[in-house]
Every structure is written in structure tokens, then in C-alpha cells.
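Undergrad:
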């Protein structure tokens with residue numbers, strides 16, 4: 001019988017009632033009396049020197065309140081980067097200033113040059129057209145493979161070249177040379193991991209407000225982590241102390257990473273509100289989002305896998321060029337390094353793994369984390385090369401994986417790339433996936449497709465990711481400029497209801513539903529007694545927010561710790577009321593009882609006593625029932641799973657249809673299976689999008705070719721089949737109190753190689769020996785590969 | 789600026805609009821009906837779908853002035869008279885057909901239009917009809933299930949569909 005309350009239940013989401021009736025409150029729904037509207041005039045060239053900005057005509061136009069350029073932000077700092085990577089020689093990365101508005105140069109199409117503030121948005125846009133910007137265009141830097149050549153145009157004149165850092169990680173050169181010298185077979189794969197745009201359906205919005213009587217600024221923004229924005233913008237950009245700066249992120253319409261970062265528009269609107277004496281609102285259009293939201297992926301990689309004569313993996317070496325774009329976004333330097341290199345062992349016991357990454361400045365939009373962030377890139381190259389090796393060696397891709405998997409008796413398992421996996425059973429997830437996908441029956445289905453003139457293929461991938469970021473001391477050693485704990489305050493009200501204030505923030509994950517399940521389970525009360533407060537720095541403890549599949553593993557753990565403190569104190573009160581020893585008090589189903597007796601007292605009576613302490617041990621215990629906990633994880637968590645894709649390729653057109661998709665994940669314990677399944681569905685489709693449809697494309701002049709939904713192919717309902725997702729394989733995380741691992745990114749990590757492997761399998765079965773096709777596998781690319 | 793009148797969710801309303809004001813802006817900014825969302829500027833995403841005289845329309849592609857005198861229904865007008873969720877809304881909640889909720893108003897309005905035209909659509913018909921509504925969260929799986937359920941084609945356990 002499924003549970004209907006607490007951990008493991010699937011209650012309907014509370015959020016849905018407002019979202020389904022048009023009563024959600026997103027940032028763009030906020031309108032403050034007297035607000036003015038901002039429009040950003042952006043560069044339409046990739047690279048150039050700004051000679052002059054003439055705003056005189058525009059400034060006199062109807063409704064124009066103010067026009068701001070870089071000179072108006074002179075006192076402000078640049079947009080900071082939150083992670084400093086140290087290169088292979090022990091030197092810090094190059095870190096150019098990222099001004100709020102372009103200073104002297106523009107460095108990508110979309111780089112903001114002027115901020116026009118007017119009574120209405122239309123007036124601001126009209127005025128923008130009257131601004132005359134004189135720019136001397138410089139050559140664009142688009143192609144990473146030539147950006148480091150001697151004499152290449154420099155994106156930042158203050159540096160010697162376009163190299164941000166040259167980084168190496170894992171096994172040393174001697175170990176790699178030895179492994180490869182012993183190899184019986186070496187598989188080599190060169191690939192491009194295509195640049196993507198996160199495209200949450202809600203575009204970014206910022207509303208700045210300022211009250212002079214208390215010198216207080218408020219920013220309403222579309223953020224996954226309002227406390228991070230307050231810290232970065234207050235301390236590093238605008239110089240506003242936290243007690244004079246409030247950041248509110250109300251309902252957030254998706255994020256997928258793109259709403260982690262502190263963006264220039266947030267600082268501009270916050271400062272402009274003070275300068276103009278009016279609230280200032282900016283709403284991104286979708287076209288603007290394409291050229292101002294941080295992009296994702298964009299790697300060029302060469303990877304080699306060495307195998308011995310028995311097909312054991314004995315060495316991995318990778319060389320990657322990673323695109324940083326024009327400036328360093330908040331977490332950008334960490335993505336191709338510590339969120340990528342550390343996962344290069346995958347699920348395999350390969351003893352030698354070396355990862356090399358050169359990160360490069362280009363005249364393109366900054367690149368940062370997008371759902372999965374570094375881990376999809378690692379998984380893609382690894383799971384492609386394993387398939388490629390299996391094909392070259394004439395063995396089953398499933399058998400080759402099983403042979404090389406870390407087995408369940410090897411945990412905890414320290415990889416050659418620094419991380420230590422706590423638990424997992426990869427043979428079990430792969431077997432589960434193969435069973436659910438009916439791999440055994442595939443040949444018959446392939447024959448049926450062949451009879452219809454179609455090529456059918458089966459692709460397998462098995463991923464691992466590091467979630468629940470992150471142990472603060474560890475990431476501090478690696479260059480993070482922040483701690484990565486999470487916080488929770490649990491307040492029990494006098495009549496027994498609870499409010500949980502969390503530093504995590506939901507942008508679609510349903511925290512208002514799942515977090516109460518955890519608290520209700522611990523106390524033994526109904527979920528309806530627990531309410532979640534999040535998204536506002538004024539009423540939540542300092543927390544690091546939601547990304548990296550961390551909210552339940554880290555934020556949920558903080559809630560558990562705070563609730564444990566509540567229960568411990570409540571037991572003391574109950575012991576006093578029942579005149580019993582504290583150690584004899586038990587809490588079950590919301591009732592405290594004295595072990596071995598029939599004495600009991602209800603949860604609500606203990607709560608009331610805490611606030612009406614007439615009969616209360618005041619000499620030993622403070623009144624009230626409210627506790628805060630900060631939880632800093634001891635390790636990452638390591639979800640893993642098998643992703644199996646079945647496709648049909650039309651040999652006449654190269655069009656790929658995804659027919660079946662199966663995911664068998666090990667997420668550790670699951671709090672709400674309905675929400676977990678939904679997360680996996682969404683992730684898989686973003687992965688299918690990367691594999692088949694999506695591509696952010698620049699021409700050689702640095703013009704963004706894919707800047708709307710008419711040019712950038714988002715997955716739509718008719719591109720996708722129903723999916724089979726399973727999370728019944730459970731090896732609980734050993735180091736957090738819930739035993740959970742995180743599920744938000746898995747789908748986007750595991751699916752791209754499964755799709756590509758399936759297409760290449762289909763081509764192979766059709767007699768086309770195509771070793772690799774770069775994503776997205778559009779009909780033209782597939783057809784061209786087949787027809788050589 | 790001129791004043792235009794229309795009926796929205798059963799009530800007669802008036803508001804000011806420039807000639808270039810889009811229906812989506814008129815609903816959101818002038819009438820403060822912020823349930824209708826704007827997710828793109830090329831008429832692709834469908835977050836702004838409303839019904840104009842019973843027909844599903846992307847309200848970002850229609851001038852407010854062109855809707856003068858029309859009978860408009862937005863997501864705010866979709867619940868039952870007693871405030872409870874309509875069959876389609878309830879199905880989206882029951883089957884987890886929404887995550888961040890941003891595309892949801894447009895999805896619900898499109899799904900309602902579909903079921904009016906075709907009370908028992910097949911899975912393929914649902915996917916084809918919703919092709920003009922982009923969702924980035926759900927992978928469409930549970931949206932399609934919700935529409936199947938709202939049209940009475942799923943049993944309580946998710947019947948007609950094997951995969952969960």
C-alpha cells in the first residue's frame with residue numbers, strides 16, 4: 001500500500017493550485033507604484049572599440065527618465081567570478097573585469113552598452129533607437145581551435161593571449177605513458193560538445209527598488225539563489241551591506257542553471273532605482289535572453305581510451321578546449337574542471353585517468369553551468385568512447401561496460417580523479433535498464449523496422465554524477481570563493497504548526513510539497529501542518545540556493561538537522577510535563593510518550609507549553625520552539641543510472657525518431673517518486689534536445705545565428721515519446737541523514753550519449769560504418785554521414 | 789492611446805491601449821491579469837495562449853485593438869464557478885503535468901481548445917496539437933498524460949499507458 005503522507009508518498013503539489021489558476025507570482029508580475037522601465041541597448045557586433053556614445057537626442061525624448069552608460073557605474077565593481085581555478089603551473093586563472101555596461105570595448109553580440117530608463121518600455125525602446133554608438137569593429141574570436149594561435153586577436157587587451165587557464169588533473173604523465181604503452185588497443189574519439197542555451201520558459205526579469213528614508217535597496221529577480229545574488233551584488237558590485245539590501249526571488253519559471261548567476265541587469269536596476277528615485281523594471285525578451293543568459297557546454301575534446309588484451313580499461317587521457325565566452329560568469333571556470341574532470345572515471349575502475357583542459361576567451365556570450373554542468377560533457381565523451389571501443393573490438397557495449405564497472409563490493413571507491421564514490425551498484429542499474437527496455441527483444445523490433453525500410457538502433461549509456469554540492473572545505477581548496485552548505489530554520493508555532501525557512505529555492509522542483517514530507521515524517525504529523533518559506537533574503541537564513549541537484553541532499557539535510565534540534569527540545573519539554581526522564585521520551589505519530597507507561601502528551605500541547613511556559617523548566621531551557629541548522633556535506637553524492645534509447649533512422653532523409661527511452665536510476669532514497677519521475681522526464685528531453693535538435697550557433701563574424709525559437713530548435717511535444725523511468729535500484733547515500741543523492745540533472749547527463757549511440761547503432765546495422773557524428777544529429781548531418 | 793472594451797472571463801472590461809499594444813500586454817499590464825505569460829517574441833512558445841471568441845490564440849500575436857468587443861477567456865477564467873479546478877486543471881495537478889508553472893497557462897488553454905475540437909484525442913493528436921506550446925521542464929510526458937486523463941482515457945493507475 002503506497003504511503004499517503006511523509007517520505008515515499010506522492011502527494012499532489014501545493015504549488016499547482018496557484019500555477020493552474022493564473023495566480024503564480026513571477027517577477028514580471030510585480031509592478032511597484034511609480035516604476036519606470038529599463039531597456040538595454042546592446043552591441044550588435046561581436047567585438048569592437050567604442051569611440052563614442054551620443055545620448056543627447058534620446059535623452060530629450062518623451063518619457064525618458066535617464067540614460068546610463070559605463071561612466072555612471074564608475075563607482076561600482078565588475079560582476080565577480082565565484083571560482084578561481086589554478087592552472088597546471090600553480091598560477092591563478094586570468095580574470096578580466098566584467099563591467100556592468102561595456103567600458104571602452106564590446107566583446108560579444110548582446111554586450112550591454114547603455115541602459116535607457118523611461119516611463120514606459122515602449123518609450124525606452126524608442127529612445128534606444130535614437131542613441132548613436134560609434135564603434136570601430138575588431139575581428140571576432142569565435143573558433144576555439146585558432147583562438148590560441150600566435151597573433152590571434154585578443155578578447156582582453158590586458159592579457160598576453162586568450163587562454164584563461166591551462167589545467168591538468170588526475171594521473172601524472174608517467175602513469176599515463178606507462179598505461180598507454182601497455183595497451184593492446186587504443187580507441188580515439190574527437191568530438192564537439194555543442195553549445196546550448198538553457199531557455200527556461202520564464203525570461204529573466206529584474207526590478208530594483210530603493211527607499212531613501214532607511215537607505216534600503218530591494219531587488220526582485222528571477223534567481224535560483226537570492227542569497228548568493230545579495231552577497232555578490234552587495235559586497236562586490238554595489239558596496240551595499242546585507243542589512244541594507246534585500247533580494248527576493250518569487251516564483252521562478254525554470255532555471256536549469258541559467259538563473260544561478262549574478263547578471264549585470266540585476267546590479268543596473270538596483271543602482272538605477274537609487275539614482276532615479278523610482279523603481280526600475282527590466283524584462284528580458286527571448287531574443288535578449290539568447291544573447292545575455294549564460295550559455296552551456298561548448299567543448300572541443302580529444303579523448304583516448306587504452307584497453308589491455310582482455311578488454312580491461314587501463315588508461316584514459318583527455319584534452320579539452322572549453323569556451324568561457326567573453327567574460328567569466330559566476331561559476332564558469334569550475335564547470336570544465338572540477339565538475340567535469342572529477343567525473344572522468346565514470347562508473348569504471350580504470351586505474352589511470354588524466355584530464356587536460358584549456359579554457360578560452362572568445363567574443364561570445366559567457367558560458368557557465370547548464371543542467372548537469374560539466375558532468376554531461378564528461379559522461380558524453382566517456383560513454384561514446386566506450387561504445388566506440390566495443391564496436392572496434394567487436395564486443396557487446398553492455399558486456400564491455402559490465403566487465404569494467406566498479407563492482408558493488410568495491411565501495412567506497414577512490415577514483416584517480418580525486419573523488420570517492422560512497423555507494424552504487426552499476427551492474428544492477430544496467431541490468432534493470434536492459435530489462436525494462438527489453439533489450440533481449442530488440443533484434444525482432446529491428447527486423448520489423450527493416451521490413452519498413454527503416455534502420456533501428458539501440459543505444460546504451462551509464463552515467464555517474466557528483467551532486468549535493470558541496471563540502472565547503474574541499475571546494476575552498478579547489479578555488480571556490482564561497483561555502484556550499486545549506487541552511488534551514490524550523491519554527492514551531494504556539495499551536496503546533498510549523499514554518500520551515502530554507503536557503504534552497506524552487507524553480508519548478510516542488511520544494512513546497514517535498515520538504516514538508518520530510519518534516520512530517522520525522523514528527524509524525526500531517527504534511528498540511530508544515531509550510532515552506534523560501535526565495536526572500538529578508539525571511540530566510542543565509543543559504544546557497546538550488547543547483548547541482550543539491551536541494552534535498554544539502555538543503556533537506558539542513559531541514560532534518562533543524563527538525564532534530566526541535567524534537568530534542570520538545571522531548572525535554574515533554575519530559576518535564578510528564579515528570580519523566582528525558583531519555584524515556586518517545587515521539588511517534590505526533591505524540592510524546594514515556595516508554596513503558598501509558599503516559600502521553602500531544603505535539604500541539606508541547607508546542608503551546610513552549611510559548612506559554614507556565615509549567616516549564618525555565619532555569620534549564622529557554623522558552624520558544626525555533627531552531628536553525630546549517631548543513632555542510634561531508635562528500636558529494638553520486639547518483640548513477642542506465643539510460644537506454646531506441647531510435648529509428650529514415651535512410652532516405654537522415655531523420656531520427658526516438659521510439660523508446662528507458663532510464664533506470666539509483667538516486668538513493670526517494671522522498672516523492674512523482675516529482676523524481678518528472679525531473680527525470682524533463683532532463684531526458686533536454687538531453688534528447690542536445691543530441692538531436694539544439695545548437696547555439698555563431699558565424700565567423702561572431703553573429704549569433706540562433707537567437708530565437710525560430711532558429712534554436714527546442715524539443716516539442718511531437719519530438720518525444722513516452723518514457724520509462726525507474727528508480728527502484730537504491731543504494732542510499734552513506735553521509736547525509738536522508739540517504740538521498742539528487743535527481744535533478746541525471747536525465748540531461750545520461751541521455752545524450754544513449755541517443756547518439758543508438759543512432760550510430762542503427763547506421764551500423766544498415767551497413768554504414770560511421771564512427772561518430774557530432775551533436776545535434778540533424779537529418780542533414782546523419783544523411784551526410786551515411787552518404788559519405 | 790484609445791480606450792477599448794472587451795469581455796474577459798465573463799466580465800466587461802475597459803482599458804487604454806496604443807495601436808501597437810499586444811493583447812498579451814493589455815491583459816497583463818492594463819488589466820493586471822498576470823496569469824497569461826510571455827515566454828518569447830516570435831510567437832513560438834505558446835505561454836500566452838488565451839481563447840478569443842472560443843478560439844485558442846497566441847495573445848502576443850494579436851493587437852489589443854483587434855480584440856475589442858471580443859469575448860476573451862484567460863487562465864484566470866478556467867476554474868469552475870465555485871473556484872475548484874476544472875477537469876483539465878485537475879488532471880494537470882493529478883498527473884504532475886507542470887513543474888515551474890510558466891508554460892502552464894498556455895498549455896491548459898491549448899489543451900482545453902483541443903478537447904473542445906476533439907474530445908478523445910489520441911496520443912499522437914495531443915502531441916501534434918501541443919506542438920505550438922513549449923515546455924522546458926516536464927519533457928511533455930506528464931502533460932500528454934494529463935490531457936489523456938482529462939479526456940477520460942486513463943484509468944486511476946495511469947491505465948492506457950504502460951510507462952510511468
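Chains as they are written, first to last, in our numbering: chain G, 1 to 788; chain D, 789 to 952.
Just so you know, even glycine gets a beta-carbon here, dropped at the ideal spot from N, CA and C.
Predicted model only: the values in this text are computed from it and were never measured.
1. Could you pull the DSSP bridge partners for residue 843(D) from this structure?
2. With DSSP as the reference, please indicate the residues paired to residue 467(G) in a beta bridge.
3. Could you give the residue range of the alpha helix (DSSP H) that holds residue 242(G)?
4. Would a check of beta-carbon distances place residue 682(G) closer than 7 Å to chain D?
5. Do three or more CB pairs link the region 653-672 of chain G to the region 436-443 of chain G at distances below 8 Å?
6. Please compile the residues from chain G whose C-beta is within a distance smaller than 9 Å of the C-beta of residue 839(D).
7. Taking the alpha-carbon of residue 441(G) as reference, which of 606(G), 429(G), 660(G) and 217(G) has the nearest alpha-carbon?
8. Short check: CB of residue 118(G) to CB of residue 280(G), under 7 Å?
9. What residue does the beta strand (DSSP E) around residue 862(D) start on, and which one ends it?
10. For residue 931(D), which residues in chain G fall below 8 Å Cβ to Cβ?
11. Compare the C-alpha of residue 606(G) against each of 493(G), 29(G) and 268(G) and name the closest.
12. Using Cβ-Cβ distances below 8 Å, what residues of the region 532-559 of chain G are close to chain D?
13. Given a cut-off of 7 Å, decide if residue 316(G) and residue 305(G) are closer than it, judged by their beta-carbon atoms.
14. In chain order, what residues of the same chain lie with their CB nearer than 7 Å to the CB of residue 884(D), ignoring the 5 residues before and after it?
15. Tell me whether the beta-carbon of residue 575(G) lies closer than 7 Å to the beta-carbon of residue 591(G).
16. Let me know the secondary structure DSSP gives residue 410(G) once reduced to three states.
17. Determine the chain D residues that contact residue 200(G) at a beta-carbon separation under 8 Å, and present them in chain order.
18. Pair every Cβ in the region 539-551 of chain G with every Cβ in the region 496-511 of chain G, then say whether three or more of these pairs are closer than 8 Å.
19. Given 8 Å as the limit, is there contact between the region 207-214 of chain G and the region 334-345 of chain G, that is, 3 or more CB pairs closer than that?
20. In this structure, how does DSSP classify residue 574(G) when only helix, strand and coil are distinguished?
21. For residue 275(G) and chain D, any beta-carbon pair shorter than 7 Å?
22. Provide the residue span of the beta strand (DSSP E) that contains residue 795(D), from first to last.
23. By the DSSP assignment, the beta strand (DSSP E) with residue 164(G) in it spans what residues?
24. Could you check the C-alpha separation between residue 298(G) and residue 326(G) for me, to the nearest Å?
25. Taking the continuous beta strand (DSSP E) assigned at residue 216(G), which residues delimit it?
26. Using a cut-off of 9 Å between C-beta atoms, extract the partners of residue 295(G) located in chain D.
27. With 7 Å set as the bound, which would you pick, yes or no: does the beta-carbon of residue 905(D) sit closer than that to a beta-carbon of chain C?
28. Just the Cα atoms here: how many angstroms apart are residue 249(G) and residue 668(G)?
29. Given that a residue counts as buried once 16 or more other Cβ atoms are within 10 Å of its Cβ, and exposed if not, what is residue 618(G)?
30. So residue 46(G) and residue 109(G) are in contact, right, with Cβ under 8 Å, and what is the actual spacing, rounded?
31. Three Cβ pairs or more, each shorter than 8 Å: is that satisfied between the region 913-926 of chain D and the region 883-902 of chain D?
32. Run through DSSP, which three-state label would residue 134(G) get?
33. With a threshold of 8 Å, are at least 3 pairs of Cβ atoms found where one atom belongs to the region 381-388 of chain G and the other to the region 440-455 of chain G?
34. Within the region 26-73 of chain G, note down every full beta strand (DSSP E) run reaching 3 residues or more, in order along the chain.
35. Any beta carbon of chain G sitting closer than 7 Å to that of residue 893(D)?
36. Counting only Cβ pairs nearer than 8 Å, list the residues of chain G close to residue 880(D).
TA: Looking at the coordinates:
1. 840(D)
2. 637(G)
3. That residue, residue 242(G), is in no alpha helix (DSSP H); it is neither H nor E in DSSP.
4. yes
5. yes
6. By Cβ distance, chain G contributes nothing, its closest Cβ being about 13 Å from residue 839(D), past 9 Å.
7. 660(G)
8. no
9. Per DSSP, residue 862(D) belongs to no beta strand (DSSP E) and is neither H nor E.
10. 717
11. 493(G)
12. none
13. yes
14. 930
15. no
16. helix
17. 888, 890 and 924
18. yes
19. no
20. helix
21. no
22. 790-796
23. 163-170
24. 13 Å
25. 216-221
26. By Cβ distance, chain D contributes nothing, its closest Cβ being about 15 Å from residue 295(G), past 9 Å.
27. The displayed structure is made up of protein chains G and D, and chain C is not among them.
28. 30 Å
29. exposed
30. 5 Å
31. yes
32. strand
33. no
34. 36-42, 48-54 and 64-68
35. yes
36. 16 and 20
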